[in-house]
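Going by the UniProt record's numbering, the first residue of the sequence shown is number 1, and it counts up by one from there.
I have placed the structure first, in the form of structure tokens, so that the comments after it can refer back to it.
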Amino acid sequence: MRFTIFNTPVIRPICSLIARLALFLSGWKIEGKKPKAPRYIIVAAPHTSNWDFFYGIAISLCTGVQCYWMGKSSLFWGPFGPVMRWLGGIAVDRTKPKSMVNQTVCCFKGNKQLRLVICPEGTRAKGDRWRTGFYHVAKNANIPIVLGYLDFKRKVGGFGPIIKPTDNMEKDLCEIQAFYDGINGKFPERFSPVLSKNCCAQYCDTPAKTALAK
Numbered sequence: 001m002r003f004t005i006f007n008t009p010v011i012r013p014i015c016s017l018i019a020r021l022a023l024f025l026s027g028w029k030i031e032g033k034k035p036k037a038p039r040y041i042i043v044a045a046p047h048t049s050n051w052d053f054f055y056g057i058a059i060s061l062c063t064g065v066q067c068y069w070m071g072k073s074s075l076f077w078g079p080f081g082p083v084m085r086w087l088g089g090i091a092v093d094r095t096k097p098k099s100m101v102n103q104t105v106c107c108f109k110g111n112k113q114l115r116l117v118i119c120p121e122g123t124r125a126k127g128d129r130w131r132t133g134f135y136h137v138a139k140n141a142n143i144p145i146v147l148g149y150l151d152f153k154r155k156v157g158g159f160g161p162i163i164k165p166t167d168n169m170e171k172d173l174c175e176i177q178a179f180y181d182g183i184n185g186k187f188p189e190r191f192s193p194v195l196s197k198n199c200c201a202q203y204c205d206t207p208a209k210t211a212l213a214k
């Protein structure tokens, strides 16, 4: 078993206490229920600041969700490697997206329990649309997608609806986009749309946010 900040004996409860105190002092609250499924992808959005990482770790510690996250290989350089891995990090080569999807699917199929955090925006800067690797992983591995979020305007973060990929990817992504509408990252202007407006036009009449919340 690989030890991380989420399961290291003695250290884990201490870190959890520190995380609770930090969130309390900063005025942050946690919303939503901890997912019960043994395997799932957690979408981390909006991703507009380095602060997202620290609040995400704190929420995971407070809720008891033992998760892993994927980061660019440069974050694991030299002495930072062991620290990042202990924090739950998995280094990935972003130049080979198709290979990464296949490897991630294999990881899910080979583990009875795995919670993986993915930032579909891929960068803190504003982009044209989300990368869809997370969706293909969930679809091919037959696992649900948990919509995690950080709303800096309301100072709340946690777990939103759980969705299961269907045979209509664009419709599913449009519903995800509807859920994140109104959720503000630290720098809202940097938040990348899940899909372009043109792609979502045919589904604009779908009350996605309401449907997902049920």
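Backbone N, C-alpha and C define an ideal beta-carbon position, used for all residues, glycine too.
Apart from the 5 residues on each side of it in sequence, C15 sits with its Cβ closer than 7 Å to the Cβ of I5 and L61 in its chain, given in chain order.
In this structure, DSSP gives K153 a state outside helix and strand, which the three-state scheme calls coil. When DSSP states are grouped into helix, strand and coil, L87 belongs to the coil group.
Counting C-beta pairs closer than 8 Å gives fewer than three between the segment 47 to 57 and the segment 174 to 181, which falls short of the contact rule. Here DSSP, grouped into helix, strand and coil, assigns V101 to helix. Residues P38 and R39 of the same chain have their beta carbon placed closer than 8 Å to that of K112, with the five preceding and five following residues left out of the count. At a Cβ-Cβ threshold of 9 Å, M169 and G133 do not count as neighbours.
For V137, the enclosing alpha helix (DSSP H) covers residues G133 to A141. Here I41 really is in contact with I145; their C-beta atoms are around 5 Å apart, less than 8 Å. Take A22, set aside five residues on each side of it, and the residues of its chain with a beta-carbon closer than 7 Å to its own are A58, in chain order. For R115, the enclosing beta strand (DSSP E) starts and ends at L114 to I118. Under the DSSP assignment, G56 falls in the alpha helix (DSSP H) whose first and last residues are W51 to T63. The beta carbon of R20 sits closer than 7 Å to the beta carbons of C62 from its chain, once the five residues preceding and following it are set aside; these are given in chain order. Within the same chain, K155 come within 6 Å of W28 by CB-CB distance, once the 5 residues on both sides are set aside. According to the DSSP secondary-structure assignment, L17 is paired through a beta bridge with no residue.
Taking every protein chain shown into account, the CB of V43 has 16 or more other CB atoms within 10 angstroms, so this residue is buried. For secondary structure counted as the beta strand (DSSP E) over 3 or more consecutive residues, the segment 151 to 190 holds these complete runs in sequence order: 156 to 163.
Annotated three-state conformation of L147 is strand, per DSSP.
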